[in-house]
Amino acid sequence: MTDDILQLEAVSMTWESADAAGRTVLDGVDLALARGEAVALVGRSGSGKSTLLHVAAGIAVPTGGRVRLAGHDLTGSDEEARTHLRRAHIGLVFQFFHLLSHLSVRENVAVPGWIAGDDRRRTRERADQLLDRVGLLDRGDDPVGRLSGGEMQRVALCRALLRGPALVLADEPTGSLDDRTGREVMDLLLSLTREEGGALLYVTHSRELAARADRMWRLVDGRLQAGDAA
Ligand SMILES: Nc1ncnc2c1ncn2[C@@H]1O[C@H](COP(=O)(O)OP(=O)(O)OP(=O)(O)O)[C@@H](O)[C@H]1O
Ligand SMILES: [Mg+2]
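So the sequence shown is numbered by this note's numbering: it starts at 7 and just counts up by one.
As structure tokens, this is what we get:
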């Protein structure tokens, strides 16, 4: 088995558009993300960063090339199999949190365990362990809608990590937070994934936050360049 949790080989993505040719957003992307590694993905707005994350998660199917997740061929899998692989190996973090406002803080963290049919008591214990780690255990019973943005994103980090994913994909996780709160959330995201041994691929528009990764990749004209943070 390879040490890479994620591999893309010659991945292309052409979205349908009004003109018949379509819009090519990814144009032969090759990448390998090692287990435990943290990589920042940068690039201009519209350069295809979110598209690349969706392809890596098996949410979108590329028009060309191959995606392997934990050694499994995502591109050769049907939607049900891709969903299964995603739940088994990936935790997702979004810019706007995507929490369920009618549920409590603890319930939001536990949702992936419920969906997977995991033991309810162990799911709750794990949720509380993570909430404690991010300083929100005392808010566990609160409706999640009462939390601040930074607190909501900490809840979303706990949800992403609940089932010990080998890969966390985070699309502008600090994009709707102020600088200081963004730094705090990024600190937690990096330290939590490292503690848990997971790999992390995160999109950011902040040079400072990109520089916190082990490596940086830049999307330019549909291709990936190894970048430095400068
Ligand atoms: N589902 C879709 N259908 C058609 N076109 C899409 C779809 N998703 C993205 N695109 C197009 O692909 C291009 C890249 O979009 P994407 O969201 O990946 O960029 P991004 O780098 O994440 O940008 P931003 O920094 O603004 O979030 C855009 O031109 C967008 O319109
Ligand atoms: Mg995006």
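Every residue, glycine too, gets a C-beta built ideally from N, C-alpha and C.
Coarse secondary structure for Ala236, derived from DSSP in three states
Its pLDDT being 44, under 50, Ala236 is placed unreliably by the model, and the measurement read from it follows with that caveat. In this structure, Ala236 counts as coil in the three-state DSSP scheme.
Determine the closest residue to Thr129 out of Gly141, Asp138, Leu142 and Val115, with distance taken between C-alpha atoms.
Ranking the options by Cα distance to Thr129, first place goes to Val115.
Inspect the beta-carbon positions of Leu91 and Leu225 and report whether they are closer than 8 Å.
Contact: no.
Mark Glu86 as exposed unless 16 or more other C-beta atoms lie within 10 angstroms of its C-beta, in which case mark it buried.
The residue in question, Glu86, is exposed, as its Cβ has fewer than 16 Cβ neighbours within 10 Å.
Of all the options Gly49, Gly71, Asp138 and Thr210, which has the alpha carbon lying nearest to the alpha carbon of Arg160?
Considering only alpha carbons, the answer is Asp138.
Look at the alpha carbon of Ala62 and the alpha carbon of Gly181, and state the distance between them as a whole number of angstroms.
Put simply, the backbone Cα of Ala62 is about 20 Å away from that of Gly181.
If you draw a straight line from the C-alpha of Leu143 to the C-alpha of Gly71, how long is it?
Approximately 44 Å between the Cα atoms of the pair.
Any heavy atom of ligand 2 inside 7 Å of the beta-carbon of Ser243?
Since the first and last residues shown for the chain are 7 and 236, residue 243 lies out of range.
The region 160–176 in contact with the region 99–115 per 3-pair CB rule at 8 Å
Short answer: they touch.
With 16 as the cutoff for other CB atoms within 10 Å, does Thr43 come out buried or exposed?
First, the residue type needs correcting, since residue 43 is Glu and not Thr in the sequence shown. In the assembly as shown, Glu43 is a buried residue. Its beta-carbon has 16 or more other beta-carbons within 10 Å.
In chain order, each beta strand (DSSP E) run of at least 3 residues that lies wholly inside the region 160–214
You should have 173–177 and 205–209.
Taking Cβ to Cβ, would you say Asp9 is nearer than 8 Å to Asp227?
No, they are not a contact pair.
Which word fits Gly204, buried or exposed, when buried means at least 16 other C-beta atoms lie within 10 angstroms of its C-beta?
Answer is buried; the Cβ neighbour count reaches 16.
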